[in-house]
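Accompanying notes for the structure given below.
Number of protein chains: 2
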Amino acid sequence: MKVVLDAMGGDHAPEVVVAGGVQAARELGVAVVLVGDKALIEAELAQYNLSALSLPVVHASQVIEMTDKPAEAVRAKKDSSMTVGLKLVKSGAADAFVSAGNSGGVLAAALFGLGRIQGIKRPALSTFYPTLGGRCFVLDVGANTDCRPEYLLQFGIMGSAYVQRLWGVPRPRVGILSTGEEEGKGSTLTREAYTLLKDSSLNFIGNVEGKDIPLGLADVVVTDGFTGNVVIKLSEGVARLISSILEEEIRRRPQAMLGALLSRSAMGAAKGRLDYTEYGGGALLGVKGVTIVAHGRSNAKAIKNAVRVAVQAAEGGLLTAIEQGVRGYTHSEVPK
Amino acid sequence: MKVVLDAMGGDHAPEVVVAGGVQAARELGVAVVLVGDKALIEAELAQYNLSALSLPVVHASQVIEMTDKPAEAVRAKKDSSMTVGLKLVKSGAADAFVSAGNSGGVLAAALFGLGRIQGIKRPALSTFYPTLGGRCFVLDVGANTDCRPEYLLQFGIMGSAYVQRLWGVPRPRVGILSTGEEEGKGSTLTREAYTLLKDSSLNFIGNVEGKDIPLGLADVVVTDGFTGNVVIKLSEGVARLISSILEEEIRRRPQAMLGALLSRSAMGAAKGRLDYTEYGGGALLGVKGVTIVAHGRSNAKAIKNAVRVAVQAAEGGLLTAIEQGVRGYTHSEVPK
Chain A
61 MKVVLDAMGG
71 DHAPEVVVAG
81 GVQAARELGV
91 AVVLVGDKAL
101 IEAELAQYNL
111 SALSLPVVHA
121 SQVIEMTDKP
131 AEAVRAKKDS
141 SMTVGLKLVK
151 SGAADAFVSA
161 GNSGGVLAAA
171 LFGLGRIQGI
181 KRPALSTFYP
191 TLGGRCFVLD
201 VGANTDCRPE
211 YLLQFGIMGS
221 AYVQRLWGVP
231 RPRVGILSTG
241 EEEGKGSTLT
251 REAYTLLKDS
261 SLNFIGNVEG
271 KDIPLGLADV
281 VVTDGFTGNV
291 VIKLSEGVAR
301 LISSILEEEI
311 RRRPQAMLGA
321 LLSRSAMGAA
331 KGRLDYTEYG
341 GGALLGVKGV
351 TIVAHGRSNA
361 KAIKNAVRVA
371 VQAAEGGLLT
381 AIEQGVRGYT
391 HSEVPK
Chain B
61 MKVVLDAMGG
71 DHAPEVVVAG
81 GVQAARELGV
91 AVVLVGDKAL
101 IEAELAQYNL
111 SALSLPVVHA
121 SQVIEMTDKP
131 AEAVRAKKDS
141 SMTVGLKLVK
151 SGAADAFVSA
161 GNSGGVLAAA
171 LFGLGRIQGI
181 KRPALSTFYP
191 TLGGRCFVLD
201 VGANTDCRPE
211 YLLQFGIMGS
221 AYVQRLWGVP
231 RPRVGILSTG
241 EEEGKGSTLT
251 REAYTLLKDS
261 SLNFIGNVEG
271 KDIPLGLADV
281 VVTDGFTGNV
291 VIKLSEGVAR
301 LISSILEEEI
311 RRRPQAMLGA
321 LLSRSAMGAA
331 KGRLDYTEYG
341 GGALLGVKGV
351 TIVAHGRSNA
361 KAIKNAVRVA
371 VQAAEGGLLT
381 AIEQGVRGYT
391 HSEVPK
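So the protein sequences, as listed, match chains A and B.
In terms of my numbering, the first sequence opens at residue 61 and continues consecutively.
In terms of my numbering, the second sequence opens at residue 61 and continues consecutively.
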């Protein structure tokens with residue numbers, strides 16, 4: 061198993077990315093191909109004891125920056141770490157690609173370098189979302205800000221394939237994010253997508269509301285990339301708000317400060333369960349190659365976990381599962 | 061000051077609504093007109109010592125139920141508590157209307173019974189959102205699931221008028237909810253609305269992301285009613301998730317349980333700052349009469365606080381502020 065890691069992607073690249081790559085190689089026992097500025101990467105690698113680890117470096121002279129316009133940058137920078145890294149996957153030299161860089165850039169580079177799976181209209185960015193009972197799978201969280209109903213149907217197919225194959229849930233409950241439980245609630249987009257999902261062979265449970273995502277009512281939550289992006293960023297903001305307000309109130313009360321000290325390990329455990337770095341990264345689904353997009357602010361642990369997600373997806377046959385899932389819908393106009 | 065309260069609206073009507081109405085009359089010193097089934101309301105009122113309080117009852121024989129289709133129900137039930145109550149505001153017999161009932165029903169009944177403020181294309185449902193620094197004002201949170209860019213401009217105008225007039229913020233910072241800070245990020249809708257807002261005389265601060273709402277980056281956050289509805293329900297769900305996970309982790313550790321006991325008042329204070337019942341209800345902006353929609357699950361305190369919001373809006377001249385705000389934009393095609 062060989063995973064390509066974009067050493068230049070992310071707010072703390074290359075140092076943190078290389079650190080995460082070293083951790084991944086050590087803990088997961090896989091080869092991690094580091095792509096980017098060879099001199100910089102090797103300077104970072106020099107700090108570690110790498111005996112018995114497989115961490116080849118592949119040089120790429122350019123970087124898709126966070127501030128770059130994705131499609132333009134991918135076209136202009138033919139030797140970017142993203143493009144060079146994805147070529148290794150495309151050619152079969154590696155099994156998966158991970159980047160914490162410009163997510164629009166990864167999307168554009170993957171569309172250009174890997175292409176779409178046959179029948180897929182729009183690739184979607186997915187994420188794990190921690191819930192009361194465990195986790196759920198949300199997509200699209202940002203690849204497509206304007207969607208059509210049939211895209212949402214395909215997001216449901218891809219999400220269901222992922223959760224079935226990689227989480228081992230036999231019949232994932234697929235819900236569509238809307239403004240009320242009843243059929244007929246929601247926007248024109250969600251109402252039309254509802255009909256397509258209801259008529260599909262997915263285990264469609266109907267509309268779910270905003271509150272139902274963290275409560276874990278669905279295994280897969282389908283939404284357009286605009287709303288999905290708001291969902292993940294808002295969740296992060298709410299968590300920060302709650303933690304800050306709690307901290308403020310505790311600081312005002314000496315007795316509560318003692319209490320907080322005693323509860324520290326419980327609070328740490330709760331934070332850990334909600335921590336994105338534990339989840340690593342979200343798969344870009346629908347392109348012809350396992351592609352994982354990690355958070356731009358990823359620390360080394362988050363990078364390592366993103367590599368873990370990539371390994372699971374590659375070993376678990378994610379692409380085959382999506383191809384099979386979408387096949388039933390591509391040869392007929394109306395999904396069965 | 062006379063506020064009409066829909067005694068039949070909400071999950072716990074009429075008992076909890078009447079209790080809230082009594083609290084409001086007592087604590088705010090206003091007259092609260094209770095509209096609904098006279099016998100039921102009077103049976104509830106009989107439990108209280110009402111000396112010196114003004115709580116007249118106006119009979120209405122029908123109820124718009126939570127499960128009713130709003131527009132149809134409003135047309136069919138001419139003697140519903142909503143329709144009867146709004147007539148009192150329309151005629152000038154009362155100053156404001158409050159309901160915790162079917163929010164679509166309130167919208168339909170207010171559109172039908174009060175009409176729109178001249179120049180307003182679509183009324184919007186608003187809410188207060190607790191933030192790190194205080195609170196912000198979010199709209200639309202559910203009245204319009206499909207929006208056009210000019211609606212969002214008007215939401216900005218109405219929200220700014222509200223926050224300026226009722227919160228005393230001289231130049232409210234107006235942001236549009238989107239998927240990235242930079243101009244050009246977002247959906248077709250938000251990009252077009254961005255241009256309108258930028259060209260307006262509002263204090264427009266550009267795009268805000270999901271996380272920026274709780275962090276308090278804007279005083280007014282403008283969004284379509286689909287996304288806004290997801291935002292408020294998701295926030296509620298995330299808060300419940302965090303509180304449940306924290307509780308689970310505390311229960312596993314005897315020392316943390318002692319700690320939690322010592323931190324109890326701090327936790328209570330933090331919860332209070334995030335508690336929707338403190339905020340009461342959201343104004344339905346753009347109709348010709350002060351109309352406040354309270355949460356369906358409102359307890360008596362939430363009802364009382366919704367009446368407080370109604371009193372503030374009526375006393376503060378909300379309608380005049382919105383009329384003035386929108387006037388600058390109604391006589392020209394292109395907003396200045």
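Even for Gly, the Cβ is constructed at its ideal location relative to N, Cα and C.
Next item on the list: Can you give me the Cβ contacts of Val-369 of chain B inside the same chain, cut-off strictly under 6 angstroms, excluding the 5 residues immediately before and after it?
Entry: Answer for Val-369 of chain B: Gly-340, Gly-341, Ile-352, listed in chain order.
Check: Hey, is the region 240-255 of chain A in contact with the region 158-167 of chain A, meaning 3+ C-beta pairs nearer than 8 angstroms?
Finding: Here the region 240-255 of chain A makes no contact with the region 158-167 of chain A; the two share fewer than three CB pairs at distances below 8 angstroms.
Next item on the list: Return the residue from the list B:Arg-312, B:Gly-332, B:Ser-261 that minimises the CA-CA distance to Val-386 of chain B.
Entry: Answer by Cα proximity: B:Ser-261.
Check: Taking 9 angstroms as the CB-CB cut-off, is Glu-296 of chain A touching chain B?
Finding: Put simply, the CB of Glu-296 of chain A is near chain B, with a gap under 9 angstroms to one of its CB atoms.
Margin query: Looking only at its chain, what residues have a beta carbon closer than 7 angstroms to the beta carbon of Lys-364 of chain A, apart from the 5 residues adjacent to it on each side?
Written below: Around Lys-364 of chain A: Gly-80, Gln-83, Ala-84, Glu-87.
Check: Out of A:Gly-89, A:Ala-330, A:Leu-171, A:Leu-185, which has the shortest C-alpha to C-alpha gap to Glu-309 of chain B?
Finding: Checked all of A:Gly-89, A:Ala-330, A:Leu-171, A:Leu-185; the closest Cα to Glu-309 of chain B is A:Ala-330.
Notebook entry, point to check: Among the residues of its own chain, which have a CB less than 7 angstroms from the CB of Tyr-211 of chain B, if the five just before and after it don't count?
Noted result: Excluding residues up to 5 positions away in sequence, Lys-181, Arg-182, Asn-204 lie with their Cβ nearer than 7 angstroms to the Cβ of Tyr-211 of chain B in the same chain.
Notebook entry, point to check: Between which two residues does the alpha helix (DSSP H) carrying Tyr-211 of chain A extend?
Noted result: 209-227 is the span of the alpha helix (DSSP H), which, as asked, contains Tyr-211 of chain A.
Next item on the list: Provide the residue span of the beta strand (DSSP E) that contains Ala-154 of chain A, from first to last.
Entry: No beta strand (DSSP E) holds Ala-154 of chain A; DSSP gives it neither H nor E.
Item checked: For Ile-352 of chain B, the three-state DSSP class (helix, strand or coil) -> Secondary structure at Ile-352 of chain B: strand, using DSSP grouped into helix, strand and coil.
Note to self: Quick check on DSSP: helix, strand or coil for Asp-272 of chain A?
What the structure shows: Here DSSP, grouped into helix, strand and coil, assigns Asp-272 of chain A to helix.
Item checked: Ile-124 of chain A: first and last residue of the uninterrupted beta strand (DSSP E) it sits in -> Neither: Ile-124 of chain A is in no beta strand (DSSP E) and is coded neither H nor E.
Check: Excluding the five sequence neighbours on either side, which residues of its own chain have a C-beta within less than 7 angstroms of the C-beta of His-391 of chain A, listed in chain order?
Finding: With a pLDDT of only 45 at His-391 of chain A, under 50, the local geometry of the prediction cannot be trusted, and no value is derived from it.
Notebook entry, point to check: With 16 other CB atoms within 10 Å as the buried threshold, where does Ala-103 of chain A fall?
Noted result: By the 16-neighbour rule on beta-carbons within 10 angstroms, Ala-103 of chain A is exposed.
Margin query: What would DSSP say about Asn-162 of chain A, mapped onto helix, strand or coil?
Written below: Asn-162 of chain A: coil per DSSP, three-state reduction.
Check: Which residues in chain B sit within 9 angstroms of Asp-128 of chain A, going by Cβ to Cβ distance?
Finding: Within chain B, no C-beta atom comes less than 9 angstroms from the C-beta of Asp-128 of chain A; the nearest is roughly 12 angstroms away.
Next item on the list: Quick one: grab the DSSP three-state call for Gly-340 of chain A.
Entry: Reduced to three states, the DSSP call for Gly-340 of chain A is coil.
Margin query: One question on the structure: do Val-134 of chain A and Phe-172 of chain A come within less than 9 angstroms of each other, judged by their Cβ atoms?
Written below: Yes, the Cβ-Cβ distance between Val-134 of chain A and Phe-172 of chain A is below 9 angstroms.
Checklist line | Residue from B:Leu-105, B:Ser-121, B:Arg-300, B:Gln-122 whose Cα sits closest to the Cα of Ser-56 of chain B | finding: Examination of residue 56 of chain B is not possible in this model, given that chain B is present from 61 through 396 alone.
Checklist line | Cβ of Glu-179 of chain B within 9 angstroms of any chain A Cβ | finding: The sequence as given places Gly at residue 179 of chain B; Glu does not occur at that position. The C-beta of Gly-179 of chain B comes no closer than 9 angstroms to any C-beta of chain A.
Next item on the list: Give every residue of the same chain whose Cβ lies closer than 6 angstroms to the Cβ of Gly-285 of chain B, excluding the five residues on either side of it in the sequence, and list them in chain order.
Entry: Closer than 6 angstroms at the Cβ level, and outside the excluded window around Gly-285 of chain B, lie Asp-200, Gly-202, Ala-203, Asn-204, Thr-205.
Checklist line | Tyr-339 of chain B: CB within 8 angstroms of a non-hydrogen atom of the ligand HEM | finding: The ligand HEM is not among the ligands present in this structure, which contains no ligands whatsoever.
Note to self: Less than 8 angstroms between C-beta atoms, sequence neighbours within five positions excluded: which residues of the same chain meet that for Val-76 of chain A?
What the structure shows: Here Val-76 of chain A has Gly-70, Ser-358, Asn-359, Ala-360, Ile-363 as same chain residues with Cβ atoms under 8 angstroms from its own Cβ, once five neighbours each way along the sequence are excluded.
Item checked: Rounded Cβ spacing between Phe-215 of chain A and Val-158 of chain A (contact assumed at less than 8 angstroms) -> Rounded to the nearest angstrom, the Cβ distance from Phe-215 of chain A to Val-158 of chain A is 22 angstroms, too far for a contact under 8 angstroms.
Next item on the list: Have a look at B:Ile-382, B:Thr-127, B:Leu-322, B:Ser-220 and flag the residue whose alpha-carbon is nearest the alpha-carbon of Val-350 of chain B.
Entry: Ranked by Cα distance from Val-350 of chain B, the options B:Ile-382, B:Thr-127, B:Leu-322, B:Ser-220 are led by B:Ile-382.
Item checked: is_contact[Ile-10 of chain B, chain A] using C-beta, thresh 9 angstroms -> The requested residue 10 of chain B is not part of the displayed model; chain B covers only 61 to 396.
Item checked: is_contact[Glu-132 of chain A, chain B] using C-beta, thresh 9 angstroms -> Taking Cβ atoms only, chain B never reaches closer than 9 angstroms to Glu-132 of chain A, which makes this a no.
Next item on the list: Identify the contact partners of Leu-301 of chain B in chain A, using a Cβ-Cβ distance below 8 angstroms as the criterion.
Entry: Ordered by position in chain A, the residues that pass the 8 angstroms Cβ test against Leu-301 of chain B are Pro-190, Thr-191, Leu-192, Pro-274, Leu-275, Leu-334.
Next item on the list: Output the distance between the C-alpha atoms of Tyr-222 of chain B and Gly-270 of chain B, rounded to the nearest integer angstrom.
Entry: Taking the straight line from one Cα to the other gives about 22 angstroms.
Item checked: Ile-292 of chain B versus Leu-100 of chain B: straight-line alpha-carbon distance, rounded -> A straight-line Cα-Cα distance of about 33 angstroms links Ile-292 of chain B and Leu-100 of chain B.
Margin query: Does any residue of chain A have a CB that is nearer than 9 angstroms to the CB of Met-327 of chain B?
Written below: Interface residue, yes.
Next item on the list: Flag Asp-206 of chain A as yes if its beta-carbon sits less than 9 angstroms from any beta-carbon of chain B, otherwise no.
Entry: For Asp-206 of chain A, a Cβ of chain B is located within less than 9 angstroms of the residue's own Cβ.
Margin query: Would you call the region 286-305 of chain A in contact with the region 229-246 of chain B, where contact means no fewer than 3 C-beta pairs closer than 8 angstroms?
Written below: Counting Cβ pairs under 8 angstroms, three or more are found: they touch.
Next item on the list: Please classify Glu-296 of chain B: is it buried, with 16 or more other beta-carbons within 10 angstroms of its beta-carbon, or exposed?
Entry: With at least 16 other beta carbons inside 10 angstroms of its own, Glu-296 of chain B counts as buried.
Next item on the list: Give the DSSP-derived three-state secondary structure of Gly-235 of chain B in the structure shown.
Entry: DSSP places Gly-235 of chain B in strand when its eight states are reduced to three.
Next item on the list: Find out if the Cβ-Cβ distance for the pair Ala-373 of chain B, Ala-343 of chain B is shorter than 9 angstroms.
Entry: Ala-373 of chain B places its beta carbon less than 9 angstroms from that of Ala-343 of chain B.
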